[in-house]
Amino acid sequence: EDVDECLLGKHDFPAERECVNNLGSYQCSHWLKGKTVFSIICVRKMLEKMKCYLLLALFTCLDCFSANNQCGLSSMGDDCRVIEFKEGTKNKILTNHVIRRDQLPDKDICELRCYLEPNCVSYNYGPLSDGTFTCELNDRTYLQVPASLKDKSGFVYTEIFNPCESIPCANHASCQAGFGNHGYRCICPAGYLGVQCKTDIDECDDGSHDCRDAANCKNTAGSFDCSCQSGHLGDGRHFCSDNWKKINTDPVYFGTKNDDFGSFQIQEAGKIYTFKLVHTNGTVTCDTYYKSTKWGCLHPYLRNHRLLTVITYPNKTVLPLAEFAKCSVDYSYQLDGAHVNSPTLVFNLLPTPLVVSIGQQFLIWYGQDLANYTELNNAGETCADVYALYPSPELQH
1 EDVDECLLGK HDFPAERECV NNLGSYQCSH WLKGKTVFSI ICVRKMLEKM KCYLLLALFT
61 CLDCFSANNQ CGLSSMGDDC RVIEFKEGTK NKILTNHVIR RDQLPDKDIC ELRCYLEPNC
121 VSYNYGPLSD GTFTCELNDR TYLQVPASLK DKSGFVYTEI FNPCESIPCA NHASCQAGFG
181 NHGYRCICPA GYLGVQCKTD IDECDDGSHD CRDAANCKNT AGSFDCSCQS GHLGDGRHFC
241 SDNWKKINTD PVYFGTKNDD FGSFQIQEAG KIYTFKLVHT NGTVTCDTYY KSTKWGCLHP
301 YLRNHRLLTV ITYPNKTVLP LAEFAKCSVD YSYQLDGAHV NSPTLVFNLL PTPLVVSIGQ
361 QFLIWYGQDL ANYTELNNAG ETCADVYALY PSPELQH
């Protein structure tokens, strides 16, 4: 006849564990209601000290709980997690918020997995079609996403008392339940700090920014901006340069019709960030009815996009030095700080630095001439010097 060690009290489990009798032996099962939950470090130390072994994801108890060690819970640190699970809800699961899924033979182990996962605040446990059981850990509770609670026969949905439901963390920080004196901790995004991530870090003041030496740093909410100092061009982070070099040796002329383009050749190999044109003489127009300009046209149909001077490869592919007007067929555009009669036309920075070699050729076009678009009444010719912006000397070595 089998002896019921649990009934007779002939087992060595602590009061926190439930004894379950089986044929010829007994095993420890559920943590009883009101249990103490240990930190991750504490769990590991306790298992090692009590000589518990993990076998096929199931704890086998071999005189495991005689030490009854609580690992000094009075001095909880940031790694110590204390959570309390509510009573499970049968035939329900929380969908769309599963962060981990495992096949586990016991609901208690699923609960322990949830405890060990800092972002877990609820779990689904239930049978699969092959007879095994699945454990699904969630990073949300029903009160956070009520529409995600669905019916599922045989499953149990269990959640913790979750202080993160009140959204205590600011600035889109992640909230992890069960840590610290407040019952939660906030994982701050870059640029913020503090218990609730409400304090903005001034990267410009503490020197943690990555602006270039020739750039100004401006603090923003959760981040910072870099802008090149006056006289320099660049994005402020990767480069700021004032290293303009003249390209042409002879004047570069371009007209307005009949493929009357100008050309220039690169004199120095390297990377080029952008170009600028310095007007020397001449004017152009897209309609002789309107006054001529240095770089474009004053016809009203162009509205604010009145610049028409473009640079291309020899095959007529236009360099992306400006944002052209939508639906434009004549390559009309506008540039910040420039107009059709500016003495100097400084183009936008290229999306990617242009790698050039000595002797490489580029062309300068009037947009309507390049497009063969309404060029019959165009007139004039402009002459310009061409400059390219290379990296600062200290960045070339």
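Residues 1 to 397 (full-length UniProt numbering) make up the sequence shown, in order. No residue lacks a Cβ here, since even glycine has one placed at the ideal position from N, Cα and C. Model, not experiment: these values are computed from the prediction.
Per DSSP, C228 is one residue of the beta strand (DSSP E) stretching across S223 to C228. With fewer than 16 other Cβ atoms from the protein chains shown falling within 10 Å of its own Cβ, S153 counts as exposed.
Secondary structure within the UniProt domain "EGF-like" (160 to 198): the beta strand (DSSP E) runs of 3 or more consecutive residues, fully enclosed, are 174 to 177 and 184 to 187 (chain order). Here the alpha carbon of Y373 sits roughly 17 angstroms from the alpha carbon of Y289. For the 7 angstroms CB-CB criterion, N248 and F264 form a contact. Take A215, set aside five residues on each side of it, and the residues of its chain with a beta-carbon closer than 7 angstroms to its own are C226, S227, C228, Q229, G236 and C240, in chain order. Note that the C-beta distance between P189 and A173 is below 7 angstroms.
In the structure shown, the three-state DSSP call for C217 is strand. With at least 16 other beta carbons inside 10 angstroms of its own, K294 counts as buried. Residues of the same chain with a CB within less than 7 angstroms of the CB of C169, apart from the 5 flanking positions on each side, are C175, C186, Q196 and C197 in chain order. Residue pairing from DSSP places I364 in a beta bridge opposite G262 and I311.
When the alpha-carbon of K150 is set against those of R303, G255, Q360 and T89, the nearest one is in T89. Here D102 is bridged, per DSSP, to C135. DSSP, read as helix, strand or coil, puts S328 in coil. DSSP places I109 inside the alpha helix (DSSP H), whose first and last residues are K107 to L116. The beta carbon of K291 sits closer than 8 angstroms to those of T285 and L298, all from its chain and outside the five residues before and after it, given in chain order. Looking from the CA of S166, the closest CA among Y157, G131 and Y142 belongs to Y142. Spatial neighbours of Y125 in its own chain (CB-CB distance under 6 angstroms, excluding positions within 5 residues in sequence) are listed in chain order as K107, C110, C135 and V156. Of the candidates E159, G207, E268 and G296, the residue whose Cα lies closest to the Cα of H305 is G296. A Cβ-Cβ separation of about 7 angstroms places I160 in contact with S122 under the 8 angstroms criterion. Rounded to whole angstroms, A388 and W244 show a C-alpha spacing of 6 angstroms.
Per DSSP, the unbroken alpha helix (DSSP H) holding E203 starts and ends at E203 to D206. In terms of Cα proximity to D287, the closest of R100, Q368 and T158 is Q368.
Rounded to the nearest whole angstrom, the CA to CA distance from T95 to H182 is 28 angstroms. Rounded to the nearest whole angstrom, the CA to CA distance from K326 to E117 is 51 angstroms. Annotated three-state conformation of P146 is helix, per DSSP. Classified as exposed, S129 has fewer than 16 neighbouring CB atoms from the shown chains inside 10 Å of its CB. DSSP, reduced to helix, strand and coil, places A379 within a strand of the structure shown. Judged by DSSP in its simplified three-state form, D200 adopts strand. Taking a 10 Å sphere around the C-beta of E87, we find fewer than 16 other C-beta atoms and assign the residue as exposed.
Between I99 and the set E268, I311, D139 and G191, the nearest pair of CA atoms involves D139. A direct Cα-Cα distance of roughly 12 angstroms separates L363 from F275.
In the DSSP assignment, W244 falls within the unbroken beta strand (DSSP E) covering N243 to K246. Only buried fits L137, as 16 or more other CB atoms lie within 10 angstroms of its CB.
In the DSSP assignment, K86 falls outside any beta strand (DSSP E) and carries neither an H nor an E.
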